[in-house]
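Residue numbers (numbering that gives the first Met the number 0): 0 to 255. C-beta: ideal position from N, C-alpha, C; glycine also.
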Amino acid sequence: MAVGPEGARRFVRAWMPHPEGSHVGLPPLVLFHESLGCVSLWKRFPERLARETGRRVIAYDRLGFGRSDPLGRRPGFDFIAREGVGSVPLLQEALGFTRFVACGHSVGGCMAVETAARLREHCAGLVTLAAQSFAEERTLAGIRQAEQTFLEEANLARLARHHGDKARFVVEFWTRTWLDPAFAGWTLDEAIASAGCPVLAVHGDADQYGSPDHARRIAGDRGDLLLMKGAGHILHREREAEVVTAIAAFLARNGI
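Here you go:
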């Protein structure tokens, strides 16, 4: 657990490469999960990523998710910008690292971008998987459909296997935030411009939660763009081997 100044506990897990100690000197990968995600929902991805990249991989549950402490209320619309600066320093202190590579899926990718911009002196690299960069109608349509899905108790019960009694909060935080008209003007433009590290943006062209335009905006003129034909939103499960290989090659290519 990583404990913040407010006393709230964040559940943290780390995966080590083999042989033990081979990661010394390499910045770890810090994983930011999606809107319905948590550490357990990364499945095998962190273990394989640690093995293939030869470095430590760290994942944590945001407050209100998974095995972390609950939140008393829904955070404000700046939650994406605030997540990294509120959580990464706690991980750095608890796990003893300074430089890191920010890697996130979906809204976790948005948080990774903001973290790279706001902690740029510590962020050595940025990887986004199916991240959004603005409130696109395709994204909102996917969320509206998912909102209806979670009206069925069986679907909510499946989510509760990972979030316990926080499952309803997790769904409502996601859907009510993104579908609120006041959130319509949100973008990552400023953070994208401020991030100073190498960037890899990965996206599937069949992603129901966002078009490849998001990855194009994140990569821009200086970053690496990888579009996966036929891939949907959960890239690290659908195309696990390809995603891990791409991340390992990106890190090696940039000397990170």
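Look at residue 17 here: in three-state DSSP terms it is coil, with no helix or strand label.
By the neighbour-count criterion, in which a residue is buried when 16 or more other Cβ atoms sit within 10 angstroms of its Cβ, residue 213 is buried.
From the listed residues 203, 124, 183, the smallest Cα separation to residue 221 is found for 124. Out of 126, 134, 163, 138, the CA that lies nearest to the CA of residue 196 is found in 126.
Per DSSP, the continuous alpha helix (DSSP H) segment holding residue 172 begins and ends at 166-177. With 16 or more other CB atoms across the displayed protein chains lying within 10 angstroms of its CB, residue 52 is buried. DSSP links residue 223 through a beta bridge to 199. In the structure shown, residue 127 falls within a strand segment according to DSSP collapsed to helix, strand and coil. Of the candidates 43, 48, 65, 33, 65 places its Cα closest to the Cα of residue 8. Relative to the Cα of residue 110, the nearest Cα in the group 158, 194, 145 belongs to 194.
Exclusion of the five residues before and after residue 117 leaves 83, 84 as the residues of its chain whose Cβ lies within less than 7 Å of its Cβ. In this structure residue 192 is exposed. Its beta-carbon is surrounded by fewer than 16 other beta-carbon atoms within 10 angstroms. Cβ-Cβ distances below 6 Å link residue 190 to 112, 113, 116 in the same chain, with the five nearest sequence neighbours on each side left out; the list follows chain order. Note on residue 152: under 16 other CB atoms within 10 angstroms of its CB, so exposed under the neighbour-count rule. In the DSSP assignment, residue 106 falls within the alpha helix (DSSP H) that extends over 106-117. One alpha carbon belongs to residue 122, the other to residue 175, and they sit about 31 Å apart. Looking at 238, 81, 171, 253, the one whose alpha-carbon comes closest to that of residue 47 is 238.
Contact between residue 187 and residue 204 fails: their C-beta atoms lie close to 20 Å from each other, not under 8 Å. Per the C-alpha coordinates, the member of 130, 78, 68, 75 positioned closest to residue 235 is 130. The alpha-carbon separation between residue 232 and residue 184 amounts to approximately 23 Å.
By the Cβ neighbour-count rule, residue 55 is buried, with 16 or more other Cβ atoms within 10 Å of its own. Residue 217 holds the alpha-carbon nearest to the alpha-carbon of residue 201 among 208, 217, 207. The beta carbon of residue 58 is closer than 6 Å to those of 12, 30, 38, 41, 45 in its chain, skipping five residues each way along the sequence.
Taking C-beta separations shorter than 7 Å and ignoring five residues to either side along the sequence, the partners of residue 98 in its chain run 26, 121, 123, following chain order. Residue 59 has 11 as its beta-bridge partners, per DSSP.
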